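In what follows, a single structure is set out as structure tokens and then discussed.
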């Protein structure tokens, strides 16, 4: 029978108490020591106010709060006495669980509804057929549950904001499919199966897709979505195949293998050419398994969504998961990408494998890293050597990687280009890391990804890939060209070409069936030729280093000014106002200062500030104060120091902190 606290009407609850006007009756939901027996009018108010009004409603029933000793509460021991407190709680009408808080009870019931679990021994309600919603993305239909974008409330998690992430991963897989085919690829955390379905639907016979998930409800949802997209399903829930061509599959003969295993188990049991990891949170727990059996020159991509730790909001979590010491900096997004790549490098090195970073993207919701696997102890050693510590000045935000070597530096501050330590008291710098110090992009691979994005009409990925190509080459959009020397047999759709070296026939892409060692050697040579000069590490935010009281030049004009000064310069996807350049911070500020204009000059054109001949700094400031009353208040505060220094383009180095 259902618990006595679950009733349809208040009158049903009063019947339990057997109210009589001339007799005292106890409360049926409270113990005797909490609420003593009383007359009917007082007991009625008690049941209405303390039990009925705070109840949780579901399908016409009310789950009233219960104070009976049916929930075990841990006793409190104070001295030699033990106090046992009876906690108020609710009884779930579906699973008979006892939950203390009303809000938790509401959430508990909603989770039952989202999973379709509305049948119980108390109520028989058919599961609503309309609870599933069908979404469409990149010509792929997926069936999702209500609250599909909230991981805690549904087993089959689907986040529409990660569409860009899925397009980037698809482009990387499409590039690998052009190198060798067919390739075996794994989506280790399938959820709804949207990513694996897109792979199979667009790349077809070039890939053999395996979608894995350890949750039984998610596996069922993946099978339904495969049928929805006219795909055959091969079910494998254990180490042995359980077969099954499910669904008609008349329109599409492609077969998707669906497995129900732990991600670490399936990656230990089988080898793959392409592995994608997208767990909820950090992916460090799955890196060792991913690199254990991945094939040579295969690709491992991982999406990390634990941005609170990677973006230095929870620094202790970053130390726990990644073994990395970080602080919040202006380049915190690139710092997060280098933290993840360093963790990937260490995991690959433990399996005697090296890596080549093809792509590292850090956006608002995720950090995506795509690496190519290079087998052998030599590549592993070369990759491990690129993990270094970073010295970061907390005054001016200058940064530099520590020099190689095991010898202890007598004065580590000498490695920094700035002299903040000499002009400021105390310790001015911190050591961050260990971090990946190598390149974050492969220009040739990004160009081929851009070609695939154009070919498959992935509009959201194209602008980002163009920015990444410019960032990898450290050039501006003005000098960016999609045309590059390539073979005549390359596809030339939409004016996008793939850069391939024309000095050797061995460096061309290999099409058709995978050859053995010769193909691997040719691919390795092509990868070497694709590697251009490394881009400068990190970037500067133009707003962070602007001077108070000065109008900065426009960002694109400032990029041209830096380029004219002889420095490599580009924008960065990490920060919309960031500038990636090999110029030192002092030169960066000098150029920014040179082309900034004082705010009180009104509409003065951008450009270097020139003083009239024969006019001293003090006279110029006083003339401005006397001549423009509306700006006098601002200049009166600053004319003694800041404005005078700005007119002469000379300022002390310790102003960097301001």
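In the UniProt record's numbering, the protein residues as written are 1 to 658. We put the beta carbon where it would ideally sit given N, CA and C, even for glycine. Just so it is clear, the structure is predicted and the values come from calculations on it, not from any experiment.
Straight-line gap, residue i to residue j (C-alpha atoms, nearest Å)
i, j, result
"residue 67", "residue 15", "18 Å"
"residue 473", "residue 190", "35 Å"
"residue 315", "residue 353", "29 Å"
"residue 362", "residue 232", "36 Å"
"residue 269", "residue 186", "12 Å"
"residue 248", "residue 69", "With a pLDDT of 40 at residue 248, under the threshold of 50, the modelled position of that residue is not reliable, and the figure given next carries that caveat. Each residue's Cα considered, the two are about 56 Å apart."
"residue 659", "residue 164", "Summary: the structure shown does not reach residue 659, with the chain confined to residues 1 through 658, and so no result is reported for it."
"residue 174", "residue 89", "55 Å"
"residue 7", "residue 292", "57 Å"
"residue 391", "residue 403", "10 Å"
"residue 407", "residue 539", "29 Å"
"residue 210", "residue 111", "29 Å"
"residue 396", "residue 371", "33 Å"
"residue 442", "residue 106", "50 Å"
"residue 271", "residue 294", "5 Å"
"residue 565", "residue 579", "15 Å"
"residue 138", "residue 457", "9 Å"
"residue 12", "residue 30", "16 Å"
"residue 570", "residue 376", "35 Å"
"residue 223", "residue 200", "14 Å"
"residue 257", "residue 557", "53 Å"
"residue 53", "residue 306", "40 Å"
"residue 17", "residue 28", "6 Å"
"residue 589", "residue 582", "13 Å"
"residue 423", "residue 577", "29 Å"
"residue 229", "residue 379", "42 Å"
"residue 220", "residue 208", "20 Å"
"residue 548", "residue 568", "27 Å"
"residue 148", "residue 157", "5 Å"
"residue 60", "residue 91", "15 Å"
"residue 218", "residue 2", "31 Å"
"residue 95", "residue 365", "35 Å"
"residue 435", "residue 287", "17 Å"
Closest by C-alpha distance to residue i, when choosing among the options
i, options, result
"residue 374", "389, 395, 349 and 359", "349"
"residue 318", "335, 208 and 236", "335"
"residue 136", "159, 423, 545 and 182", "159"
"residue 204", "254, 466, 557 and 142", "254"
"residue 311", "9, 287, 339 and 439", "339"
"residue 184", "168, 365 and 299", "299"
"residue 97", "116, 323, 42 and 63", "63"
"residue 550", "29, 104, 595 and 333", "595"
"residue 388", "279, 537, 280 and 31", "537"
"residue 261", "279, 220 and 212", "212"
"residue 214", "230, 197, 196 and 264", "264"
"residue 351", "324, 325, 383 and 369", "383"
"residue 445", "385, 141 and 169", "169"
"residue 273", "145, 180, 289 and 436", "180"
"residue 145", "95, 161, 51 and 225", "225"
"residue 23", "38, 426, 216 and 399", "38"
"residue 289", "454, 347 and 196", "347"
"residue 275", "320, 195, 541 and 561", "195"
"residue 418", "56, 330, 104 and 586", "586"
"residue 469", "358, 25 and 393", "358"
"residue 437", "420, 584, 401 and 421", "401"
Whole-angstrom C-beta distance between residue j and residue i, which should lie under 8 Å
i, j, result
"residue 342", "residue 440", "Not really, about 12 Å apart at Cβ, beyond 8 Å."
"residue 573", "residue 464", "6 Å"
"residue 277", "residue 302", "4 Å"
"residue 93", "residue 58", "6 Å"
"residue 430", "residue 327", "6 Å"
"residue 21", "residue 5", "At roughly 25 Å, the Cβ-Cβ gap does not stay under 8 Å, so residue 21 and residue 5 are not in contact."
"residue 592", "residue 546", "7 Å"
"residue 322", "residue 284", "7 Å"
"residue 47", "residue 10", "7 Å"
"residue 360", "residue 167", "Not a contact, Cβ separation roughly 16 Å."
Cβ-heavy atom distance, residue i to the ligand COA, below 7 Å
i, result
"residue 182", "Among the ligands in the structure shown, none appear at all, so the ligand COA cannot be discussed."
Residue i at chain C interface by Cβ criterion, 8 Å
i, result
"residue 405", "Here chain C cannot be found, since the structure has a single protein chain."
(message) Across the segment 440 to 453 and the segment 407 to 422, are there enough close Cβ pairs to call them in contact, namely three or more that are closer than 8 Å?
(response) No, because fewer than three Cβ pairs between the segment 440 to 453 and the segment 407 to 422 fall closer than 8 Å, the two stretches do not touch.
(request) Would you mind listing the beta strand (DSSP E) stretches within the segment 268 to 297 that are 3+ residues and don't spill past its ends, in chain order? (result) For the segment 268 to 297, whole beta strand (DSSP E) runs of length 3 or above, ordered along the chain, are 274 to 277.
(message) Ignoring anything shorter than 3 residues, give me the beta strand (DSSP E) runs that lie fully in the segment 418 to 460, in order along the chain.
(response) Within the segment 418 to 460, the complete beta strand (DSSP E) runs of at least 3 residues are 429 to 436.
(request) Only counting runs of 3 or more residues, tell me where the beta strand (DSSP E) segments fall wholly within the segment 329 to 392, in order along the chain. (result) As far as the segment 329 to 392 is concerned, its whole beta strand (DSSP E) runs of at least 3 residues are 353 to 362 and 367 to 375.
(request) Please go through the segment 155 to 204 and give each complete alpha helix (DSSP H) segment of 4 or more residues, from N-terminal end onward. (result) Here the runs fully enclosed are 163 to 179 and 194 to 203.
(request) Can you check the segment 22 to 77 for any alpha helix (DSSP H) of at least 4 residues that lies completely inside it and give the ranges in chain order? (result) Runs of the alpha helix (DSSP H) lying entirely within the segment 22 to 77, each at least 4 residues long, are 40 to 47 in chain order.
(request) Tell me the start and end of each unbroken alpha helix (DSSP H) in the segment 199 to 233 that is at least 4 residues and wholly inside, in chain order. (result) Listed in chain order, the complete alpha helix (DSSP H) runs (minimum 4 residues) inside the segment 199 to 233 are 216 to 228.
(request) May I have a chain-ordered list of the alpha helix (DSSP H) segments no shorter than 4 residues that lie completely inside the segment 548 to 609? (result) Every alpha helix (DSSP H) stretch that sits fully inside the segment 548 to 609 and reaches 4 residues is listed by chain position as 555 to 564 and 585 to 594.
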